[in-house]
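Heads up, the thing below is written out as structure tokens.
Residue numbers (this note's numbering), protein chains in the order written: chain A, -10 to 639; chain B, 17 to 165.
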């Protein structure tokens, strides 16, 4: 826990006064002064002679400035920005670069978030989409700015996120010359990482290709779309609409119509459900993007069918329901019928816990994917919402009381095991065990004065996630962003937290009822290292997030490297690093927690800072890498059972 | 026996299913299912015994793991588990062993309940792997080459 030093003769109030005065009495928000809370006396005196960290007044000015009226004559960038606005793009995440396009998008009023690294901001856009279901765009400049986004594009591709990636890409007249700098062929670079991509080469077709992009983003199984803009397109001047080809409303270049299930398929599914003794529904990405949680609930309740979630986000079926099987891993193998709904990222046989006798129904929009990896007994090509509505309408009232009792017993067994881990964690008093963080975070989120539906979580980390996932619950759509989903990148977590916090700050989609509330980000020390500078991004955009960093001085991989003395240092960091101070240095709030009993109070304080000051906090939880060793510190590093609360592969 | 296993192959649960007659008139079936390596199932007709031979190698080095495996298996004969999971002693008898540290599982078939024994055996193996995934991921990495991350 951070120690507050009041012995320096410089009181906090006095320091605040001097710091703010020193920075000038502007409309800017001085925030650095508050970071002094964790500083030593010498630091305070030294800091008192320097200007405070502050958010430049331009941020407030930008919010207050009226939007320009953009009309012909306009540039290619402005034309594309108009398409984004008309398509309802909900946010832009970027770093400087691709100036024409990002400036034009910002000028439409689409909320624009500028960060420190294009990759982090692309991760932010991915996370934003995963918990809102709405579109966001990320942007980078040509060359390095674009390639910085590659990991994020790959992550979004694996998570089936409809992420719009845009990047500038020099001028066509320089193609192949290496004139100047930053030249590169972008489209081949994203090969295999996108649903659709195009280098725009004909300015008159800008609107048309925006249509190509949004058709792909708004239909079927989503994945990223990547457009790259040469200067000739972004800066092209259109004098009037007649110079733009296919310039008409979106209702003419795409449809909201969705595939519906055939009555024969619905009848076959109902017959299989009626014949089953232990049916279960796996609700995944497709249910979320189709906003199909109401018909999902109706199907489950009418047929008394348990629901377990998988996917890049969780919460479309409430864990408060007795039908939720998310925390009942040992019951999954008993299912005799599995109905996979919108499971875009398919596991192979054996990756889900279901037994060898379970029959499988798969409902998906993509006929060409049904039957891949997991053999089916029935495939239904349909929009997830349409299929669930049809099933709900056709579903007779069924009873599966014994099966629900088995789900409940498995849940109790799982929760008892979690309680046992917590008790063990508390017994390790020389540092903070991950089981303590997981349980006390869950108690704070779901059993305190905060309504349990309120807080959205960017669930990340590697080793820590093996504990926190077990305790996190979803009570409404978009409550949990499943960070490592499928691509398994270690570093995006703070970037993801930016996107989650932005979505909640704006109240987009299912986050609308929770607008402005703090969010929680979870990461490890390895992950934090990649995207930690985005604490600055959250501070300047006033995004209230509490980032929990599990600091065990090592990569999560150290356990497998223990027997390799020459290689072992590869897996280690300096010990006892002060990530909390890094947060303070970036205008955030920091807490350093070294004992189990300190975690909950630190969390309370950090949360209050987030509430009252709308700025991020980092809780640096000092753990031990040896906690992953089962022999020394049972239960050690944990595994996972999929689908359900623990799942992140599929 | 062969027919019962073939049905799993036909449904796509197994990848590949081969069989040959081995020593002492035993039938050996091989198929790939829950891991990359093929699994071996031996049927001794004379003893009416179906054995997942060396299903989990080197479990002896982890006493806790062995204990948990045994606890799960022994529980299947009790009322602690749902009725549909129990193994009916009138149709098959379950024997577990960890000879040389390698864990094997045998179902001795009673009467003509071969299909029952196959079904129960496979479901039990699935349960054992769920346990390993949940609590012993390091074992799966070391013994079967599962991804470490």
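Beta carbons: idealized from backbone N, C-alpha and C, even for Gly.
The structure displayed is predicted, hence computed values, not measured ones.
- If you draw a straight line from the Cα of residue 169 of chain A to the Cα of residue 190 of chain A, it comes to about 20 Å.
- Ranking A/318, A/546 and A/236 by CA distance to the CA of residue 556 of chain A puts A/546 first.
- The beta carbon of residue 154 of chain B sits closer than 8 Å to some beta carbon of chain A.
- Residue-level contact by beta carbon holds for residue 629 of chain A and chain B, with a gap shorter than 8 Å.
- For residue 513 of chain A, there are no neighbours in chain B by C-beta distance under 7 Å, as the nearest C-beta there is about 13 Å away.
- Within the model, the alpha-carbon separation for residue 140 of chain A versus residue 172 of chain A is close to 20 Å.
- Distance check between residue 318 of chain A and each of A/187, A/476, A/297 and A/90 places A/297 closest, using alpha-carbon atoms only.
- In this structure, the alpha-carbon of residue 81 of chain A lies about 23 Å from that of residue 303 of chain A.
- Closest option to residue 477 of chain A, judged by alpha-carbon separation, among A/448, A/261 and A/122: A/448.
- Taking residue 588 of chain A as the centre and dropping the five residues before and after it, the same chain places the C-beta of 421, 425, 426, 429, 582 and 610 closer than 7 Å to its C-beta, in chain order.
- With fewer than 16 other beta carbons inside 10 angstroms of its own, residue 94 of chain B counts as exposed.
- Contact between residue 350 of chain A and residue 331 of chain A is ruled out by a C-beta separation of about 12 Å, above the 8 Å threshold.
- The DSSP-derived three-state label of residue 293 of chain A is coil.
- DSSP places residue 146 of chain A inside the alpha helix (DSSP H), whose first and last residues are 139 to 147.
- Between residue 202 of chain A and residue 214 of chain A, the gap from beta carbon to beta carbon is short of 8 Å.
- Annotation: the continuous beta strand (DSSP E) that includes residue 470 of chain A extends over 469 to 471.
- In this model, residue 519 of chain A and residue 531 of chain A are separated by some 21 Å (Cα to Cα).
- 8 Å or more divides the Cβ of residue 500 of chain A from the Cβ of residue 638 of chain A.
- Within chain B, the residues 27, 28 and 29 have their CB atoms less than 8 Å from the CB of residue 364 of chain A, given in chain order.
- In the displayed model, residue 421 of chain A falls within coil according to three-state DSSP, outside both helix and strand.
- Residue state for residue 303 of chain A is assigned as strand, using DSSP reduced to three classes.
- Taking 9 Å as the Cβ-Cβ cut-off, the segment 480 to 496 of chain A has no residue approaching chain B.
- Below the 7 Å Cβ cutoff, chain A contributes no neighbours of residue 129 of chain B, its closest Cβ being approximately 16 Å away.
- Distances from the alpha-carbon of residue 325 of chain A to those of A/147, A/267 and A/337 put A/267 closest.
- Not one beta carbon of chain B lies nearer than 8 Å to the beta carbon of residue 553 of chain A.
- Counted as a single uninterrupted DSSP element, the stretch harbouring residue 240 of chain A is not any beta strand (DSSP E), since DSSP gives it neither H nor E.
- Check the Cα spacing between residue 464 of chain A and each of A/127, A/434 and A/218: the tightest is with A/434.
- The three-state secondary structure of residue 206 of chain A, taken from DSSP, is helix.
- Per DSSP, residue 162 of chain A lies in no alpha helix (DSSP H) and is assigned neither H nor E.
- DSSP, read as helix, strand or coil, puts residue 53 of chain B in coil.
- Between the alpha carbons of residue 278 of chain A and residue 65 of chain B lies a gap of roughly 50 Å.
- For the segment 321 to 340 of chain A, the set of residues with a beta-carbon nearer than 7 Å to any beta-carbon of chain B comprises 322, 323, 338 and 339, in chain order.
- For secondary structure counted as the alpha helix (DSSP H) over 4 or more consecutive residues, the segment 516 to 586 of chain A holds these complete runs in sequence order: 523 to 529 and 568 to 574.
- At a cut-off of 8 Å, the C-beta of residue 444 of chain A has no neighbouring C-beta in chain B.
- Within chain A, the residues whose beta carbon sits less than 8 Å from that of residue 146 of chain B are 318, 319, 321, 322, 342 and 630, listed in sequence order.
- If you check the CB distance, residue 600 of chain A and residue 507 of chain A come in under 8 Å.
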